[in-house]
Every structure is written in C-alpha cells, then in structure tokens.
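Trainee:
Protein chains: 2
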Amino acid sequence: MPRHLPLGAGGEFDRLRAIFTRLGDAAAELGDDCALVSLDDVTLAVSIDCSYEGVHFRTDWLSFEEIGWRAGAAALSDLAAEGAKPVGVLVSLGLPKTDNREPKADPGSDIMAGVAAVTKSVGGRVLGGDLIRADRYLVDVCALGTAPHPVRRAGARPGDALWVTGTLGGARLALQRLKTSRPLEGPLRARFAHPEPRVAAGQWLAAHGATALIDISDGLSGDAGHLAAASRVGLEIALEQVPCWPGVDPLSAVASGEEYELLVALPAAFGDARARSFPQQFGVPLTRIGVCGTGTGVRFTDRGQTVAVPAGYDHFAEPTP
Amino acid sequence: MPRHLPLGAGGEFDRLRAIFTRLGDAAAELGDDCALVSLDDVTLAVSIDCSYEGVHFRTDWLSFEEIGWRAGAAALSDLAAEGAKPVGVLVSLGLPKTDNREPKADPGSDIMAGVAAVTKSVGGRVLGGDLIRADRYLVDVCALGTAPHPVRRAGARPGDALWVTGTLGGARLALQRLKTSRPLEGPLRARFAHPEPRVAAGQWLAAHGATALIDISDGLSGDAGHLAAASRVGLEIALEQVPCWPGVDPLSAVASGEEYELLVALPAAFGDARARSFPQQFGVPLTRIGVCGTGTGVRFTDRGQTVAVPAGYDHFAEPTP
Chain H
604 MPRHLPLGAG GEFDRLRAIF TRLGDAAAEL GDDCALVSLD DVTLAVSIDC SYEGVHFRTD
664 WLSFEEIGWR AGAAALSDLA AEGAKPVGVL VSLGLPKTDN REPKADPGSD IMAGVAAVTK
724 SVGGRVLGGD LIRADRYLVD VCALGTAPHP VRRAGARPGD ALWVTGTLGG ARLALQRLKT
784 SRPLEGPLRA RFAHPEPRVA AGQWLAAHGA TALIDISDGL SGDAGHLAAA SRVGLEIALE
844 QVPCWPGVDP LSAVASGEEY ELLVALPAAF GDARARSFPQ QFGVPLTRIG VCGTGTGVRF
904 TDRGQTVAVP AGYDHFAEPT P
Chain A
604 MPRHLPLGAG GEFDRLRAIF TRLGDAAAEL GDDCALVSLD DVTLAVSIDC SYEGVHFRTD
664 WLSFEEIGWR AGAAALSDLA AEGAKPVGVL VSLGLPKTDN REPKADPGSD IMAGVAAVTK
724 SVGGRVLGGD LIRADRYLVD VCALGTAPHP VRRAGARPGD ALWVTGTLGG ARLALQRLKT
784 SRPLEGPLRA RFAHPEPRVA AGQWLAAHGA TALIDISDGL SGDAGHLAAA SRVGLEIALE
844 QVPCWPGVDP LSAVASGEEY ELLVALPAAF GDARARSFPQ QFGVPLTRIG VCGTGTGVRF
904 TDRGQTVAVP AGYDHFAEPT P
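Quick look at the structure:
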C-alpha cells in the first residue's frame, strides 16, 4: 500500500496531493480529513478546517454566532467521521476593522460564542486561540479528540453495505433560498445554521463494526468517491433509497455539500433491527443506500438503471463579495 | 487563584480577555499562548498561530518558503515556551488567485515546504491541513506536542533570577532594513527569515528547574509584563545586561518583536557554570538580565537608574499592502 492513500478527484485534492508529495517524509500519511497520532496509549484525532468570508459564509446570510457554530461544526464533523471523542478546539479568528455603526456589536465575541456552543454540545471546550486583523472574517478551527478505535475511510470491503445518517439536501436547499434572497426559517434554518456534528453517532457506528466512515461535507457523491478510492472498492448507490430533505429530489440531495452527515460501510450482518434503534438514540435515521463491491468508483442507480450524477462540491472556490 | 490568569496589557489581550470571559465554562483556563490538555498519562501542549499577509509578512520581503518557515516557527516557539516536545503541525493555507505570470511558481507548495522544514528541524511532522481560496496569503499553524513537565508563565517567585536566550534586536533591525528597501543578507537575513524555535533549550530549561517560561514573540518588554502579571511578581531588568544583536542598542532590543527567544525565571541557585555550558549545547548564550521580586510590573534600569521603555509589540494591527 502506498504511503499516501489515494484521494478522489477535485481541484483541492489535486493541490493537496502535489503539496504532500513534495513534503516527503516531513509529512505524515495523508488520507482522511482527520490525522491520527499515537502517543503512548492514546490515539489522538486532529483536524483543521478554515472558514473564510465570501467562500464559506456570508455575513448577510447568517448571524456571527451561526457563522461560528458552522465553522466549529465543520471541524468537529471530521472527528465524528473517525468515531473520535472531542476534547476541544483551538480557534484562529480574523476580524476586519469594523465601521463602528453599531458600537455595541462584537462580532469576534459572537463568533467565538458559536464555536464554543457547538463544541460544548459534543462535550468539548475551547482550549485556546489566536486573534488577528484581516480583510475579511476568518474562522479557522483545529479540533482535537481521542479515538480509541478510529475508523478510517479506507476499510470498506466488497460485500459491506453502505449507510448514511440523517436526511440529505437541506443544506443545498437553504443555499438556494439564501442566494435568491428568500428568508431562511424554521427547521431549514436550523439545519443550515446549526448543523449537528454526528459525534455520538460516529462513536456508536465505530463500536458497531463500521469498516469505513467519512463525513459528507463535500456532498454524498463527492465523498462516496473518496471512500471508494481510499478503500479500493466500487460503490453502488440506489438513488431511490437516499433519504431526502422534504422537497428535495435525490439528485440534488447527493450533490448537496456541507451536510455533515456520516457515510458508513458496515458488514452485511449489521441488521435492520439495529438501524431501527438508531433514530431513538440519535434523533436521525440511519438508512441503507447501497453496497460495496469490487471495481472502482461510484455508480448511482435509479431503480436499477445507471444514472449520471453531478460531481461533488469543491470548496476551493473564489471569494465572493 | 482565579480561573483565568491575569494577562498583560495590549489591544489583543483586552479582546481575548473579553471573549474568554463571555465563554465561561465552555472555555478552558486561559493564560499561556499554549494550552495544556491532560489525557491519561500524557500532557499535550497545543498552540495556534495565524500569519496573514500584510499583517505578519509581505511577499516582497520574503520568499514563500521563508514565509512558511516563520509561520511554523511562531507556533513551535509556543511549544518551546512550555518545555514541550513537538509532535507535529496542522496547517490551514489560504491562497489568493495567482496571475499566472510565472506558471511554474507554486507559492502554496513553497509555503508548506517552509513549514515542513522548520517542523522537521525540531523533530515534528506535518500532520494535516486545509486549503482555501482567500484574498491574501494566510498561514495558520496549529502545533501539537507533549509536555511531561510543562513550565507555565505563572510560576516565578520573588528571589528567582531572570534569564534570556540568544541575542535580541535582530528582528527589529531586519524590519527597519526591509521597510527602507535595503537588502537583507547574511546572518541578519537568517535571523529574520529562518528563526529557530528554542525547542531543545526549552526542554533543557524545564529540566533544570525553570519556574516560569515565555517566548518573547511580542518583544521582551511586553512579554516580561505578561510573565510578571501571570506570576504576580515584579521584575527588574538591567538594560546593560541585555544581550544585543550587533549594532542594536538595549532599548531597541527589548522592544523588538518576533524574536522567538525564551525569557525564563530560574531559582537563584541556578549557577553561572550551567549557563556557560548553554552555548555549547544550543548555539546561543543564556544571559542573566534581572531578578524577580515582590510588587508588580516590570522596571527597567540602566546602571541602577530607572528607564522608561516603550510598550511591547502588538500584532493586532491593520493589514498593510
């Protein structure tokens, strides 16, 4: 097996691959969004996730508290996808000069309150941070946890079944509403503004035999490709099985980025009975959507017919005003 | 003792204090630049340090490799100041759109090579990262290490002597040359572009009884104030004892930021003989510059006479083009 796990397609991944190849043995094995570090009897899981105004959020779409929550959720979701238990986060915060029109506003403090709230919701704390002046708001979150039995994206085997947590497509629907200046309220706003990293679910799946685990922050279609490439299996996903947010069709649901749900391979013996107990424990469904086989890549089907699906979501986009 | 250690003066510190007060028990104890986390038998030291184009570096002053080295050194220096042993770093890299005038240039890869080189120089590795599109270059480094016997900035006692590693003022001299468009070459360029985090020296000082330790990235005068406030001691520093870079006077030397040397309180019994062995081991001097007493704050003297010294270096400045 090569030192560096194969990554899927995409501009960001091509660039990361080029950089890590150049670093040689000064870099650890690259593969998952989360790095694993063994120290004596402890395995650490650490991940860093940078949110930048205009690329990952807009200040006219979300409150600063919501911006902080989402930035924290993105990093903590990487821990969830290892089956790790969060310890805490470190946060670099970039703040532009404010115009003093609202002298009582304190965006930096609001952002940190959001990061702290999502971190506390999964049992962690804010451990430290850095504060800089920047042109745009910037929230970089490094999440740190322990992973006694980490699950990588590379362990799926032919014959495993493929499952997904939650319902997909809400994030994309919310973005479409925001882009056309429609209000975001109720469950859809909660889904977009306060996504819940599946930390407890990830630990449960790791304890119940998960062979491969990944979060679908890049969208199901893109991240399924990463899991397939890392595990050296082919995936077949039945679109009609994909659990969709109300009003969202399966093709949109699998292209929806920033979902922060988990895609998991489980042995065939993992039963429907266990899956039925999942919503009671974690508040969201666990749905079987496909199988792992020999071959490569991801094939989507609709009632048995192969269907073309748009490529995944690539954050490596231009800042937009 | 209050949960949050007293911090010294400065805009950044006032803002951090306000933010951490608001977070309440969702935040860990704030005090040092480095957070300590106890996991079973392991104590982790973690620190995050964000470098932003126009605030912390300019691309016409340094190569991208040098920019990466300096960004990594800043975070690793925080580990040195705990007496910690680095494990590795995670890096968020923000890259502006390039103009393709030099199609073979790869700033992102050059920056990461610099971060990797300084990390490797102290025994660590690049563990992971994130890559985003941004308006300006951005290098945020989270450094992770282990600290079996961490030394905080809060342990100095009246009667301890105050020492500093290296010679001070080179970074400020280099900045003055760069700001007036003079070339930076030889030892002065090396000092500015490739600062060496005092990791091995920090571990040695921790093992030899250091009661308080801080790096002087904010300048000796500013960081001495932080050490005094956290330790609840008064410091007296003799300017004529401060080891100065050739051509730099002591008043400039103590105001010079980004020095990445260590200021350390050691029991009075720590002898000159041990200090004389320091340069052979670490390549730089260890110089006694003052004493810790009762009282508060920092008093600078020149041959016994009190001298006013400019305030420390505050990074929380505007981006400059």
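Here the protein sequences line up with chains H and A, keeping their order. Residue numbering for the first sequence follows our numbering, starting at 604 and increasing by one per position. Residue numbering for the second sequence follows our numbering, starting at 604 and increasing by one per position. We put the beta carbon where it would ideally sit given N, CA and C, even for glycine.
1. Mind pulling the chain H residues with CB within less than 8 Å of A/Gly726?
2. If you count every other CB in all the chains shown that lies within 10 Å of the CB of H/Ala911, and 16 or more means buried, which is it?
3. What would DSSP say about H/Leu854, mapped onto helix, strand or coil?
4. H/Ile670 to H/Asp636, Cα distance in whole Å?
5. With distances taken between CB atoms, is the gap from A/Gly822 to A/Ala774 smaller than 7 Å?
6. Helix, strand or coil: how does DSSP classify A/Phe795 here?
7. What is the residue span of the beta strand (DSSP E) that H/Ala868 lies within?
8. Identify the continuous alpha helix (DSSP H) that holds H/Gly717 and give its terminal residues.
9. Could you give the C-beta distance for H/Leu838 and H/Gly893, rounded to a whole number, given that I count them as a contact under 8 Å?
10. What are the start and end residues of the beta strand (DSSP E) that includes A/Pro689?
11. Can you pull the chain H residues whose beta carbon is under 8 Å from the beta carbon of A/Val649, in chain order?
12. In chain order, what residues of the same chain have a beta carbon less than 8 Å from the beta carbon of A/Val845, not counting five sequence neighbours either side?
13. When burial is assigned at 16 or more other CB atoms within 10 Å of the CB, is H/Ala876 buried or exposed?
14. Is there at least one Cβ from chain A nearer than 7 Å to H/Ala777's Cβ?
15. Are H/Ala674 and H/Val725 touching if we call contact CB-CB under 7 Å?
16. Please report the distance separating the alpha-carbon of H/Ala810 from that of A/Leu698.
17. Within 10 Å of its beta-carbon, does H/Glu685 have 16 or more other beta-carbons around it, so buried, or fewer, so exposed?
18. The alpha helix (DSSP H) spanning H/Trp807 covers which residue range?
19. So, with DSSP's three-state summary, where would you put A/Asp681?
20. So is A/Thr909 buried or exposed if we call it buried at 16+ other beta carbons inside 10 Å?
21. Quick check on H/Ile817: does DSSP put it in helix, strand or coil?
22. How about A/Asp643: is its C-beta nearer than 7 Å to some C-beta of chain H?
23. For A/Thr749, which of helix, strand or coil comes out of DSSP?
24. So H/Glu862 and H/Ser820 are supposed to be a Cβ contact under 8 Å. How far apart are they, rounded?
25. I want to verify the contact list: residues of chain H whose CB lies under 7 Å from the CB of A/Lys723, in sequence order.
26. What separation, rounded to the nearest whole angstrom, lies between the Cα atoms of H/Phe623 and A/Pro913?
27. In the DSSP assignment, the alpha helix (DSSP H) including A/Phe660 goes from what residue to what residue?
28. Nearest chain H C-beta to A/Val690 closer than 7 Å, yes or no?
29. Just to make sure I have the definition right: I need the residues of chain H whose C-beta is within less than 9 Å of the C-beta of A/Val640. Which are they?
30. Enumerate in chain order the residues of its own chain whose CB-to-CB distance from H/Arg902 is below 8 Å, with the five nearest sequence positions on each side excluded.
31. For the beta strand (DSSP E) holding H/Arg785, just list the boundary residues, first then last.
32. Tell me which residues of the stretch 852-873 of chain H have at least one Cβ-Cβ distance to chain A shorter than 9 Å, keeping chain order.
33. Whose CA, out of A/Thr899, A/Arg755, A/Asp905 and A/Gly627, lies closest to the CA of H/Ala720?
34. Between A/Arg760 and chain H, is the shortest Cβ-Cβ distance under 7 Å, so that the two count as touching?
35. Quick one, which of A/Arg739, A/Lys688, A/Arg625 and A/Val649 has its alpha-carbon nearest A/Val658's?
36. In angstroms with no decimal places, state the Cα-to-Cα distance between A/Gln779 and A/Leu665.
Mentor: The answer reads as follows:
1. The premise fails here: A/Gly726 is roughly 11 Å from chain H at the closest Cβ pair, so nothing lies under 8 Å.
2. By the beta-carbon neighbour count (other beta carbons within 10 angstroms, threshold 16), H/Ala911 is exposed.
3. Residue state, collapsed to three classes: helix.
4. So the alpha carbons of these two residues sit roughly 21 Å apart.
5. Judged by their CB atoms, A/Gly822 and A/Ala774 are not nearer to each other than the 7 Å cut-off.
6. A/Phe795: helix per DSSP, three-state reduction.
7. H/Ala868 -> beta strand (DSSP E) spans Leu865 to Leu869.
8. Unbroken alpha helix (DSSP H) run through H/Gly717: Pro710 to Ser724.
9. So it is a contact: roughly 6 Å between Cβ atoms.
10. Annotation for A/Pro689: the continuous beta strand (DSSP E) segment containing it runs Lys688 to Leu698.
11. Going along chain H in sequence order, the residues near A/Val649 (Cβ under 8 Å) are Leu693, Leu730, Gly731, Cys745 and Leu747.
12. So the list reads Val767, Leu771, Leu823, Pro853, Ala856, Val857, Thr890 and Ile892, once near-sequence residues are dropped.
13. Residue burial annotation: H/Ala876 is exposed, with fewer than 16 other C-beta atoms found within 10 angstroms of its C-beta.
14. Cβ-Cβ to chain A under 7 Å: no for H/Ala777.
15. No.
16. H/Ala810 and A/Leu698 have their C-alpha atoms spaced approximately 39 Å apart.
17. So H/Glu685 counts as buried.
18. In this chain, the alpha helix (DSSP H) harbouring H/Trp807 covers Val802 to Ala810.
19. Looking at A/Asp681 - three-state DSSP - the assignment turns out to be helix.
20. Around the beta carbon of A/Thr909, fewer than 16 other beta carbons lie within 10 angstroms, which makes this residue exposed.
21. For H/Ile817, the three-state secondary structure derived from DSSP is strand.
22. Among the residues facing chain H, A/Asp643 is included, as its CB has a counterpart in that chain under 7 Å away.
23. Correct three-state label for A/Thr749: strand.
24. Their Cβ separation, rounded to whole angstroms, is 7 Å, which keeps H/Glu862 and H/Ser820 in contact under 8 Å.
25. Ordered by position in chain H, the residues that pass the 7 Å Cβ test against A/Lys723 are Ala629.
26. The straight-line gap from Cα to Cα measures roughly 44 Å.
27. Note, A/Phe660: premise wrong, no alpha helix (DSSP H); not H, not E.
28. Chain H places a beta carbon closer than 7 Å to that of A/Val690, counting this residue as a contact.
29. In chain order: Val690, Gly691, Leu730 and Leu747.
30. Within its own chain, the residues whose Cβ lies closer than 8 Å to the Cβ of H/Arg902, once the five positions on either side in sequence are excluded, are Gly837, Leu838, Glu839, Ile840 and Thr909, listed in chain order.
31. Careful: H/Arg785 lies outside any beta strand (DSSP E) and carries neither H nor E.
32. Along the stretch 852-873 of chain H, there is no position whose C-beta sits under 9 Å from a C-beta of chain A.
33. For the residues A/Thr899, A/Arg755, A/Asp905 and A/Gly627, the minimum Cα distance to H/Ala720 belongs to A/Gly627.
34. A/Arg760 does not count as touching chain H.
35. Nearest of A/Arg739, A/Lys688, A/Arg625 and A/Val649 to A/Val658, Cα basis: A/Arg739.
36. Looking at the two C-alpha atoms, the distance is approximately 14 Å.
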